[in-house]
Amino acid sequence: MPDWLAFSILDMTPYDRRGWLRLIESYQQDFSYLPWLSLLFSAILTIFIFRPRPNAPSFALVLLASSWLWCGWVFQMQYHANLNWAAPQFTWVFSAQAALLVLVTLVSKTLSWRFEVRKYQWPSLLILLTASLYPLIGLVEGRSFSQTEWIGLMPTPTTLATLGVVILLAGRVKWLLLPIPLLWGLVSAAFTWRLELFEPYILAVALMLCVLSYLAVGRQKA
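This note's numbering applies: residue 373 is where the sequence shown begins, and numbers increase by one.
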């Protein structure tokens, strides 16, 4: 059998649950201010959404772009790369998403939130709430505080926040910004399923909520 046919998720995760949690712990020790930055990130994002100014969606996308760059060039390249040979390639994927977020803010002059029918927005808001409370999920899972993952500074909660924000946008521009977060959600789910973490289930629910949001928009237009 050719070697490439023997490739599996085991090859993409040459470490166990303990190794992954130790990596996160080391990351937080090197950047002890991460929780405070994450809380500030969540607060600013909440203000952009619930007390929006004319350019609030653009500012939210730029904020998310900075987070994708941080997750790519700091976490993936400088930390995850020590455990996973594919992490440097992930850096470019994260950079591409950051570039798309910035490109949309520069090109689109009509960015706005889709709040005209609020009952259709609950999937997005639920995803955003999950992203903001992601550290608590880690604690429930049995991690120490230094092993928790924070929105804006770790890939999975940042991906969730991006999904929540993007499906809240009005217009078709959202479909340009969804593919990479959706694909990364699947990749992350595969990694963390191998490590026996809660994340695959959380990501599965988030992806289903994205589908529900899409169906709700279709029903609204019908």
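Beta carbons: idealized from backbone N, C-alpha and C, even for Gly.
Which whole-angstrom value describes the C-beta separation of residue i and residue j, a residue pair presumed to lie in contact below a C-beta threshold of 8 Å?
{"i": "G557", "j": "A503", "result": "The pair is not a contact, with the Cβ atoms about 12 Å apart (cut-off 8 Å)."}
{"i": "A432", "j": "I421", "result": "7 Å"}
{"i": "T463", "j": "W442", "result": "Between W442 and T463 the Cβ distance is about 11 Å, and since that is not below 8 Å, they are no contact."}
Could you spell out where the alpha helix (DSSP H) holding residue i opens and where it closes?
{"i": "I416", "result": "406-422"}
{"i": "Q469", "result": "459-479"}
{"i": "G444", "result": "G444 -> no alpha helix (DSSP H), and no H or E assigned at all."}
{"i": "Q493", "result": "Unbroken run through Q493: none, as it is neither H nor E."}
{"i": "G510", "result": "506-512"}
{"i": "Y451", "result": "Element bounds for Y451: n/a, residue is neither H nor E."}
{"i": "R515", "result": "Careful: R515 lies outside any alpha helix (DSSP H) and carries neither H nor E."}
{"i": "F563", "result": "551-566"}
{"i": "R486", "result": "Per DSSP, R486 belongs to no alpha helix (DSSP H) and is neither H nor E."}
{"i": "T528", "result": "527-538"}
{"i": "E397", "result": "389-402"}
When you compare the CB positions of residue i and residue j, do they come within less than 7 Å of one another, or not?
{"i": "L406", "j": "Q400", "result": "yes"}
{"i": "S467", "j": "G524", "result": "no"}
{"i": "T531", "j": "P553", "result": "yes"}
{"i": "I539", "j": "S484", "result": "no"}
{"i": "S496", "j": "E397", "result": "no"}
{"i": "Y387", "j": "L455", "result": "yes"}
{"i": "I499", "j": "L581", "result": "yes"}
{"i": "A458", "j": "Q448", "result": "no"}
{"i": "V476", "j": "V545", "result": "yes"}
{"i": "F570", "j": "E513", "result": "yes"}
{"i": "E568", "j": "R389", "result": "yes"}
If you count every other CB in all the chains shown that lies within 10 Å of the CB of residue i, and 16 or more means buried, which is it?
{"i": "A471", "result": "exposed"}
{"i": "W522", "result": "buried"}
{"i": "Y573", "result": "exposed"}
{"i": "V479", "result": "exposed"}
{"i": "A533", "result": "buried"}
{"i": "A561", "result": "buried"}
{"i": "Q450", "result": "exposed"}
{"i": "P429", "result": "buried"}
{"i": "T482", "result": "exposed"}
{"i": "R486", "result": "buried"}
{"i": "W494", "result": "exposed"}
{"i": "A594", "result": "Annotation note: pLDDT 45 at A594 (below 50); position unreliable, no value reported."}
{"i": "P507", "result": "buried"}
{"i": "L417", "result": "buried"}
{"i": "L412", "result": "exposed"}
{"i": "W541", "result": "Residue identity differs from the one stated: residue 541 is Leu in this sequence, not Trp. It is buried - the Cβ of L541 has at least 16 other Cβ atoms within 10 Å."}
{"i": "L473", "result": "buried"}
{"i": "Q461", "result": "exposed"}
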